[in-house]
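Every letter in the sequence shown is one number past the one before it in the numbering used here, and letter 77, counting from 1, is 72.
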Amino acid sequence: MPERFDSVVLLNSSGCKSSPTQTVGTVIGDGLVLTVAHGVAGQKVTSITTTSGQMLDAKVVAIDINLDLALLYLPTSKASKTKLAPLKFANAVKDESAYFVAYEDAAQVVRPAQIREILRIDTEDIYLKNKVSRPGLEVETKVVVGNSGGPLINRDGELIGLVWATSRTEKNLAWATRIEAVDKLLSMISTSNPQSATPQVVACSG
């Protein structure tokens, strides 16, 4: 099992809740970081911390409250200096083994994971107001508070999904959004100038 994935970063967001929110992000393009929307929605400040301990400010450039996905942008010059190579996308395969990457006490952890099912997940948006359906994965892996947004990476080092919830009744059962859902989010921005995007204005979640 790999010791770490430098393309996976820790996110800390603040500004609309009584305490900062911790989530996980994955570099998917030049200066582009993918994470869950419920961790950054309505927040005033979001910073990332790399595996080497470097801290960088990030800006939300696209958000989808139904898919629970968000894109953040880092200045390309700073991102390149941190060697944050973007991960490639791949489709998940049922029963395949994968890695779940998260953070505990600001240290990255890599856990084994297995794709149980590939399905549509009927759930609610991040405000628990409207019913939505997401392209999803049912996953066997350990997920704790602060792990939301952690990527599922296949054995070839490709990004296949993003974990957003864990079961309260069954041990080591979690749900993820399939990576193909990100295409909708990417269509909201200019890949040549991501920071020019004006994201949907959203309220604080939770």
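Cβ atoms here follow ideal geometry from the backbone N, Cα and C, with glycine treated the same way.
Everything numeric in this text was worked out from a predicted model, so none of it was measured.
Cβ of residue i within 8 Å of any chain C Cβ
i: Ala87; result: The structure shown has no chain C; it contains just one protein chain.
Residue i classed as buried or exposed, judged by whether at least 16 other C-beta atoms fall within 10 angstroms
i: Val35; result: buried
i: Ser14; result: exposed
i: Ala87; result: buried
i: Val28; result: buried
i: Asp49; result: Asp is not the amino acid found at residue 49; the sequence shown has Gln there. Gln49 is exposed by the Cβ-count criterion.
i: Ser47; result: exposed
i: Leu123; result: exposed
i: Thr16; result: buried
Nearest residue (CA-CA) to residue i, options the options
i: Leu67; options: Ile43, Glu153, Val96 and Met(-4); result: Ile43
i: Leu82; options: Val4, Ala57 and Lys124; result: Val4
i: Ile148; options: Asp1, Tyr94, Gly24 and Ala32; result: Tyr94
i: Tyr98; options: Lys12, Val158, Val127 and Cys11; result: Val158
i: Asp120; options: Lys89, Leu62, Arg163 and Ala169; result: Leu62
i: Pro130; options: Arg115, Ala57, Val96 and Val138; result: Arg115
i: Pro107; options: Thr136, Asn125 and Gly26; result: Thr136
i: Arg173; options: Lys89, Asn7 and Asp100; result: Lys89
i: Ala101; options: Asn142, Glu153, Ser162 and Trp170; result: Asn142
i: Ala171; options: Glu(-2), Gln109 and Gln17; result: Gln109
i: Asn7; options: Asp52, Arg(-1) and Asp25; result: Asp52
Test item: CB-CB of residue i and residue j under 8 Å
i: Ala85; j: Asp151; result: yes
i: Glu112; j: Glu133; result: yes
i: Leu181; j: Asp59; result: no
i: Leu79; j: Val22; result: yes
i: Ala176; j: Leu64; result: yes
i: Val140; j: Gly37; result: no
i: Lys39; j: Gly10; result: yes
i: His33; j: Ser200; result: yes
i: Pro146; j: Val104; result: no
Presumed contact (8 Å Cβ cut-off) between residue i and residue j, rounded CB distance
i: Thr41; j: Gly144; result: Not really, about 12 Å apart at Cβ, beyond 8 Å.
i: Thr45; j: Asp1; result: 7 Å
i: Ile184; j: Ala57; result: 5 Å
i: Ala169; j: Val127; result: Ala169 to Val127, Cβ: 18 Å. No contact.
Collapsed DSSP secondary structure at residue i in the structure displayed
i: Val31; result: coil
i: Ala176; result: helix
i: Leu157; result: strand
i: Leu123; result: coil
i: Leu5; result: strand
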